[in-house]
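Here it is, written out as structure tokens:
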């Protein structure tokens with residue numbers, strides 16, 4: 209199992225947004241977004257920023273905290 213680094217999938221579920229919808233708004237292949245959601249790959253920072261804007265969340269909410 210991939211190390212959990214981002215919370216994109218979690219935020220999508222909370223907001224009721226599909227991975228396909230995010231892919232379309234992001235201009236990315238749906239398979240790319242699926243890999244990001246499953247933590248098999250990580251988005252570039254500029255993409256992470258755009259995802260935060262699309263989902264209207266603070267960019268930090270998309271990441272798993274490293275400190276409590």
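In our numbering, the protein residues as written are 209 to 276. Cβ coordinates follow ideal geometry from the N, Cα and C atoms, glycine included.
{"Item": "With a threshold of 6 Å on Cβ separation, who are the neighbours of residue 249 within its own chain once the five nearest residues in sequence on each side are excluded?", "Value": "243"}
{"Item": "Within this structure, are the beta carbons of residue 212 and residue 269 separated by less than 8 Å?", "Value": "no"}
{"Item": "Excluding five sequence neighbours on each side, which residues of the same chain lie with their C-beta closer than 8 Å to the C-beta of residue 220?", "Value": "226, 227, 230, 245, 263"}
{"Item": "State the beta-bridge partners of residue 214 as determined by DSSP.", "Value": "271"}
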